[in-house]
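Protein chains in written order, with the working numbering: chain A, 1 to 113; chain B, 1001 to 1111.
Cβ coordinates follow ideal geometry from the N, Cα and C atoms, glycine included.
Structural data, given as structure tokens:
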């Protein structure tokens, strides 16, 4: 299993541009999550999904959108990028059984200038 | 979810046990204690979780006090590869998407 994969690894955006961060998992997990991590800080939850077609906001959803059309994929859309969105973005997934432990991807490092 | 308090940093000698404390004095009866770690900007890695009994797996042991207001993560024989930020998180067991990360403890394992 590849686990949780994220693309791209790095990206530089200009202010006002848009982009989609891709996340995929091959563990057949129903739950998927997007977090951001600013330098020296803990992770903050942006959005999460408990299954295809179901999404909900986390702590810091403003400036982002998500969709979940399949179990495997959970893309994160940034519209009108701002410098405050410079961060490392982590996607994670978990089963809806057992310990609900989350498995994280390697992250996408985004810089907005 | 209950808030947790952890020391910002700790040192440990290689080969010795690392004991990482966490205070969660406002924990509710249906909240579990989870531990994750993050090695140098990689994605966080799940370590262990528990409700009220002590737990052990291949990575670590988790000791939860009887009143459940605090816990300790124990890495029995720390190695240099255990240098990481360790996060203690309290959350309702079946509540999807609700991992709230604090600042964590930066553990440095020294030779």
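| Asked | Found |
| --- | --- |
| What does DSSP give as the partner residues of residue 4 (chain A) in its beta bridges? | A:25 |
| Within 10 Å of its beta-carbon, does residue 1013 (chain B) have 16 or more other beta-carbons around it, so buried, or fewer, so exposed? | exposed |
| Can you find the residues in the same chain that come closer than 8 Å, C-beta to C-beta, to residue 18 (chain A), ignoring five residues on each side of it along the sequence? | 77, 78, 79, 80, 81 |
| Report the residue ranges of all beta strand (DSSP E) runs contained in full by the stretch 1008-1073 of chain B; include only those spanning at least 3 residues, in chain order. | 1009-1013, 1018-1023, 1031-1038, 1045-1050, 1061-1064 |
| Name, going along the chain, the residues of the stretch 40-72 of chain A whose beta-carbon falls closer than 8 Å to a beta-carbon of chain B. | 41, 42, 43, 44, 45, 48, 49, 50, 56, 58, 59 |
| Please tell me whether residue 90 (chain A) has its Cβ less than 7 Å away from any Cβ of chain B. | yes |
| Taking DSSP's pairing of strands, which residues face residue 10 (chain A) in a bridge? | A:109 |
| Can you tell me whether residue 1008 (chain B) is buried or exposed, with buried defined as 16 or more other CB within 10 angstroms of its CB? | exposed |
| Taking all protein chains shown into account, do 16 or more other C-beta atoms lie within 10 angstroms of the C-beta of residue 1076 (chain B), making it buried, or fewer, making it exposed? | exposed |
| Compare the Cα-Cα distances from residue 1 (chain A) to each of A:29, A:86, A:7, A:52 and report the closest residue. | A:29 |
| Compute the Euclidean distance between the alpha carbons of residue 54 (chain A) and residue 6 (chain A), then round it to the nearest angstrom. | 20 Å |
| State the DSSP-derived secondary structure class of residue 68 (chain A), mapped to helix, strand or coil. | coil |
| Taking Cβ-Cβ distances below 9 Å as the criterion, which residues of the stretch 1020-1044 of chain B are in contact with chain A? | 1032, 1034, 1036, 1038, 1041, 1042, 1043, 1044 |
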